[in-house]
Ligand SMILES: Nc1ncnc2c1ncn2[C@@H]1O[C@H](COP(=O)(O)OP(=O)(O)OP(=O)(O)O)[C@@H](O)[C@H]1O
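Numbering (full-length UniProt numbering), first residue to last: 1 to 260.
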């Protein structure tokens, strides 16, 4: 069953068509990767799904409900959360507070009201703390809850961002280059985490340049080039797709990366 549907989605920035008539379905419960050369339009697709941009043309829907026009801050309420290419943490706050902030942004009480001491706010605060600890546990960060975020290793900081995105139990998790800057050991841990997340029923849609990771965890892969979808299929189908190999580099570099 299709959870997220992009129907003929296009966005133009002046004379540049960054995403060009893209049709894509993300199936419930799968791990789907979106790959493509630098500037192909991958992050723009995520920005369209999360209403940071409105498409010039086309429709996007989640569970059949239109997303276009929904304000960005309401997208999480619809069941979509994301991480960003560059880590966005409150580096001076504790690990736990970083996750709680993610939950507060969605809670009825809101961040400001949470500082008041009404009983209903206290109850919500306690619930948020519980959910935040659960999300940290899931990402193997429970023992780090009181650490200051900036003291975590790079891989742990990336996992903390995922914990923050998970705290509201989304239907769809968007991961934008989750392995960027990670060492090989951290990538192995990350792959395991992504599988674990999917196994809870959360659909995972990721943009990633690390081909070993993409080929290792994705059930399906879609490929963008100059904003157009040029291929879609299983890792082995994409790996041997001529258009993909040609589009990616025009040099041997991608060939060797994609065929590993
Ligand atoms: N707000 C914007 N205004 C103008 N051009 C933009 C805007 N956002 C993205 N672009 C352009 O759209 C194209 C696609 O960018 P995008 O960041 O989506 O690519 P990408 O595939 O994610 O690249 P990378 O792998 O390098 O992160 C690029 O040419 C980029 O410069």
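Glycine included, every Cβ here is placed at the ideal spot set by N, Cα and C.
From a predicted model like this one, the values you see are computed outputs, not experimental measurements.
Proximal residues to residue i (C-beta, below 7 angstroms), its chain only, five neighbours per side dropped
i: residue 164; result: 98, 99 and 102
i: residue 238; result: 221, 223, 231 and 244
i: residue 11; result: 18, 19, 44, 48, 53, 55 and 56
i: residue 214; result: 33, 35, 208 and 221
i: residue 72; result: 50, 51 and 52
First and last residue of the uninterrupted beta strand (DSSP E) at residue i
i: residue 52; result: From DSSP, residue 52 is part of no beta strand (DSSP E); its letter is neither H nor E.
i: residue 176; result: 172 to 176
i: residue 225; result: 220 to 225
i: residue 27; result: 16 to 27
i: residue 35; result: 31 to 35
i: residue 59; result: 57 to 62
Cα-Cα separation, residue i to residue j
i: residue 68; j: residue 233; result: 26 angstroms
i: residue 141; j: residue 126; result: 19 angstroms
i: residue 202; j: residue 89; result: 23 angstroms
i: residue 22; j: residue 43; result: 14 angstroms
i: residue 200; j: residue 25; result: 20 angstroms
i: residue 14; j: residue 137; result: 45 angstroms
i: residue 53; j: residue 122; result: 36 angstroms
i: residue 85; j: residue 161; result: 11 angstroms
i: residue 30; j: residue 129; result: 29 angstroms
i: residue 170; j: residue 35; result: 23 angstroms
i: residue 50; j: residue 209; result: 21 angstroms
i: residue 139; j: residue 175; result: 14 angstroms
i: residue 241; j: residue 248; result: 11 angstroms
i: residue 143; j: residue 226; result: 44 angstroms
i: residue 131; j: residue 37; result: 37 angstroms
i: residue 39; j: residue 228; result: 11 angstroms
i: residue 77; j: residue 148; result: 28 angstroms
i: residue 5; j: residue 66; result: 9 angstroms
i: residue 79; j: residue 188; result: 27 angstroms
CB contact flag (residue i, residue j, <8 angstroms)
i: residue 173; j: residue 81; result: yes
i: residue 221; j: residue 194; result: no
i: residue 27; j: residue 3; result: yes
i: residue 150; j: residue 83; result: no
i: residue 197; j: residue 224; result: no
i: residue 177; j: residue 207; result: yes
i: residue 8; j: residue 58; result: yes
i: residue 158; j: residue 70; result: no
Cβ shell of residue i (< 8 angstroms), same chain only, five flanking positions each side left out
i: residue 16; result: none
i: residue 145; result: 94, 95, 96, 133 and 136
i: residue 1; result: 27 and 28
Host alpha helix (DSSP H) of residue i (start-end)
i: residue 77; result: 72 to 78
i: residue 214; result: 211 to 217
i: residue 231; result: Not the alpha helix (DSSP H): residue 231 falls in the beta strand (DSSP E), residues 228 to 233.
i: residue 12; result: From DSSP, residue 12 is part of no alpha helix (DSSP H) but of the beta strand (DSSP E) over 2 to 13.
i: residue 159; result: 154 to 166
i: residue 261; result: Here the chain covers residues 1 to 260 and nothing more, so residue 261 does not appear.
i: residue 195; result: 184 to 199
i: residue 246; result: 242 to 248
Nonlocal neighbours in the same chain, by C-beta distance under 6 angstroms from residue i, ignoring five residues either side
i: residue 32; result: 26, 205 and 220
i: residue 75; result: 50 and 51
Inter-stretch contact at 8 angstroms, needing at least 3 Cβ pairs: the stretch 142 to 159 / the stretch 180 to 187: yes
Cβ contact (3+ pairs, closer than 8 angstroms) linking the stretch 218 to 234 and the stretch 62 to 79: Judged by Cβ distances under 8 angstroms, the stretch 218 to 234 makes no contact with the stretch 62 to 79, as fewer than three pairs qualify.
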